[in-house]
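Protein chains in written order, with this note's numbering: chain A, 1 to 213; chain B, 1001 to 1285. Glycine included, C-beta positions come from ideal geometry on N, C-alpha and C.
Here it is, written out as structure tokens:
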């Protein structure tokens, strides 16, 4: 192992442990680690972005693809936000971005995410009845009820009383279950990150770099 | 301290949260030191993901949109290593492209080191091609599906696409048989749905973070054929596809280390309910 690898591993281990010290309480070592990570990440992405612009715009332009001047110029206009007097200029590239973005997504949204989703919600129930699987019928029924009641929760044009009120309440429960599933995913994700870094320290830094295993 | 604050419900709600960290860290570290080999149950999303690759006829073209992130490597490493192994074990043409800068860096670091295509008898340019990074976004995905050469003139080594034998007949969605979409921003599931699945009926499988799984599930199995959510489902793919990797250790540690969190959830909720409904308190007239 060359010395730069050893140094890199030890520095990485130091910053990982410095971040873990926050579990005890806020301290200068944690803040050092936090700021170093933020600084390094910012520098990393600045270099990557600059390289990307250079590779995807500057080099092709020098090769004769002069049309790329337009997006490059629009991109540069974004920086007019930095000066209040000319900040309004940035609205033009923003308008182009919003226009292209909306144009690209609108057809797919209507068909793929609204019509197809509605169709599949109903078809799932029909297919599960046809297949004769009790568990599938239960799942499909729950999805259909959850979809309808959650939509009624977001109906604000009428007061949530009577049947609409009951439906909205049920919808709120489905939404809470959905948010709970999302949050548990977040928690497990944090656990994965923690295990990954602990594994790095134990299996690489300690066992290989320090003990030479 | 008042008498009210001495009830068991208050004490339960005031346990020093650092005990949770200590207990879960112990739970995380023990399986790292000594893997336990806990059983893994393979879910329908993983089976669908595997089957979508496994059922492809020989010579099929698979596009891998590799939008992984270096900061989230631990969450996706098991997924993509297992996927690559399964792809290279089969007679498929694999086209990698990266809509994230980190994806390109990770490919450089891991493809050829962790998974070596040549050890599966694959040859660069003939069986697999890496296009590298392009700032795609949704508009870029739409362009890719229409004209790959409009987005990428050359591969990541700056070799023109027309000089790569594999790319001879590949230039649009119609030339691709399966899309594998790796992403880390939860709403990015919408990109392949809107630009590949809806207009071209492209068979698509996706791999993402654990927290993004609930947003991918509504599209399964009708619009996407399978999905992997987090390292847990990466482990499932390792088990189901018989391609061992880093996921097993991760799952063991997660299964043990998460238990203190569950215990604290129960204690916290009992404390809340006990205080709210004044369980065990003597009612004074």
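Residue i and residue j look like a contact to me (Cβ under 8 Å); what is the Cβ gap, rounded to whole Å?
i, j, result
"residue 13(A)", "residue 201(A)", "5 Å"
"residue 1093(B)", "residue 1061(B)", "5 Å"
"residue 1103(B)", "residue 1066(B)", "4 Å"
"residue 1078(B)", "residue 1245(B)", "5 Å"
"residue 1075(B)", "residue 1247(B)", "Not a contact, Cβ separation roughly 11 Å."
"residue 1040(B)", "residue 1271(B)", "That belief does not hold up - the Cβ atoms of residue 1040(B) and residue 1271(B) are roughly 34 Å apart, past 8 Å."
"residue 171(A)", "residue 141(A)", "At roughly 15 Å, the Cβ-Cβ gap does not stay under 8 Å, so residue 171(A) and residue 141(A) are not in contact."
"residue 21(A)", "residue 29(A)", "5 Å"
"residue 1156(B)", "residue 1115(B)", "Not really, about 16 Å apart at Cβ, beyond 8 Å."
"residue 33(A)", "residue 19(A)", "5 Å"
"residue 60(A)", "residue 74(A)", "That belief does not hold up - the Cβ atoms of residue 60(A) and residue 74(A) are roughly 16 Å apart, past 8 Å."
"residue 122(A)", "residue 128(A)", "Not a contact, Cβ separation roughly 11 Å."
List the residues of chain A whose Cβ lies closer than 7 Å to the Cβ of residue i, in chain order.
i, result
"residue 1211(B)", "182, 185, 186, 189"
"residue 1261(B)", "187"
"residue 1059(B)", "Residues of chain A passing the Cβ test: none, with the nearest at roughly 29 Å."
"residue 1222(B)", "120"
"residue 1134(B)", "56"
"residue 1195(B)", "108"
"residue 1101(B)", "48, 52"
Using only the heavy atoms of the ligand SAH, determine whether one of them is closer than 8 Å to the beta carbon of residue i.
i, result
"residue 18(A)", "Ligands are entirely absent from the displayed structure, and the ligand SAH is therefore not among its contents."
Apply the 10 Å Cβ neighbour rule to residue i and answer buried if 16 or more other Cβ atoms are within range, or exposed otherwise.
i, result
"residue 1035(B)", "exposed"
"residue 1182(B)", "buried"
"residue 62(A)", "exposed"
"residue 212(A)", "exposed"
"residue 51(A)", "exposed"
"residue 1126(B)", "exposed"
"residue 104(A)", "buried"
"residue 1006(B)", "exposed"
"residue 1176(B)", "buried"
"residue 1145(B)", "buried"
"residue 1029(B)", "buried"
"residue 113(A)", "buried"
"residue 130(A)", "exposed"
"residue 8(A)", "exposed"
"residue 1019(B)", "exposed"
"residue 1237(B)", "buried"
"residue 154(A)", "exposed"
"residue 1095(B)", "buried"
Relative to the C-alpha of residue i, which candidate in the options has its C-alpha closest?
i, options, result
"residue 1083(B)", "1006(B), 1064(B), 1091(B)", "1064(B)"
"residue 1253(B)", "162(A), 194(A), 182(A)", "194(A)"
"residue 38(A)", "114(A), 142(A), 15(A)", "15(A)"
"residue 1081(B)", "1269(B), 1240(B), 1234(B), 1055(B)", "1234(B)"
"residue 1211(B)", "189(A), 209(A), 199(A), 206(A)", "189(A)"
"residue 1179(B)", "1225(B), 1209(B), 1154(B)", "1225(B)"
"residue 1187(B)", "1241(B), 1038(B), 1138(B), 1059(B)", "1138(B)"
"residue 1027(B)", "207(A), 208(A), 198(A)", "198(A)"
"residue 949(B)", "1238(B), 1018(B), 1091(B)", "There is simply no residue 949(B) to check, as chain B begins at 1001 and stops at 1285 in what is shown."
"residue 1070(B)", "1162(B), 1174(B), 1101(B), 1056(B)", "1101(B)"
"residue 1072(B)", "1124(B), 1259(B), 1095(B), 1185(B)", "1185(B)"
"residue 185(A)", "1209(B), 1042(B), 1172(B), 1237(B)", "1209(B)"
"residue 1054(B)", "1171(B), 1038(B), 1088(B)", "1088(B)"
"residue 107(A)", "1197(B), 1096(B), 1243(B)", "1197(B)"
"residue 80(A)", "68(A), 60(A), 89(A), 73(A)", "89(A)"
"residue 1141(B)", "1099(B), 1117(B), 1120(B)", "1099(B)"
"residue 1259(B)", "64(A), 205(A), 43(A), 191(A)", "191(A)"
"residue 1172(B)", "1158(B), 1154(B), 1143(B)", "1143(B)"
Whose Cβ in chain B lies nearer than 8 Å to the Cβ of residue i?
i, result
"residue 202(A)", "1029, 1032, 1033"
"residue 205(A)", "In chain order: nothing, as chain B lies at least about 12 Å away."
"residue 193(A)", "1072, 1074, 1075"
Determine the chain A residues that contact residue i at a beta-carbon separation under 8 Å, and present them in chain order.
i, result
"residue 1044(B)", "None at all; the shortest Cβ gap to chain A is about 11 Å."
"residue 1272(B)", "Within chain A, no residue comes near residue 1272(B); the closest Cβ sits about 15 Å away, beyond 8 Å."
"residue 1254(B)", "188, 191, 192, 195"
If the cut is a Cβ gap below 9 Å, which residues of chain A does residue i touch?
i, result
"residue 1199(B)", "107, 108, 111, 112"
"residue 1226(B)", "Residues of chain A passing the Cβ test: none, with the nearest at roughly 16 Å."
"residue 1257(B)", "191, 194, 195"
Closer than 9 Å by beta-carbon distance: list the chain B residues that pair up with residue i, in chain order.
i, result
"residue 196(A)", "1073, 1074, 1075, 1077, 1231, 1246, 1250"
"residue 136(A)", "Neighbours of residue 136(A) on chain B: none; closest Cβ ~11 Å, over 9 Å."
"residue 24(A)", "1018, 1021"
Please list, in chain order, the chain C residues whose beta carbon lies closer than 7 Å to that of residue i.
i, result
"residue 100(A)", "This model lacks chain C altogether, as its protein chains are A and B."
For a contact defined as C-beta to C-beta under 7 Å, what are the partners of residue i on chain B?
i, result
"residue 104(A)", "1138, 1139, 1142"
"residue 117(A)", "1218"
Mind the definition here: the region 1197-1208 of chain B touches the region 85-102 of chain A only if three or more C-beta pairs lie below 8 Å; say whether that holds. no
Do the region 1136-1154 of chain B and the region 1162-1171 of chain B make contact, defined as three or more Cβ pairs closer than 8 Å? yes
Evaluate contact between the region 1262-1276 of chain B and the region 1048-1059 of chain B, counting only Cβ atoms and requiring at least three cross-stretch pairs below 8 Å. no
Quick test of the definition: if touching needs 3 or more C-beta pairs under 8 Å, does the region 1252-1269 of chain B touch the region 1020-1030 of chain B? Enough Cβ pairs lie closer than 8 Å, so yes.
Any contact of the region 1178-1195 of chain B with the region 1011-1020 of chain B, i.e. 3+ C-beta pairs under 8 Å? At 8 Å Cβ cutoff, the stretches do not touch.
So, does the region 1207-1217 of chain B touch the region 1127-1143 of chain B, judging by three or more C-beta pairs under 8 Å? no
Decide yes or no for the touch test of the region 116-128 of chain A against the region 141-149 of chain A: beta carbon pairs closer than 8 Å, at least 3 of them. yes
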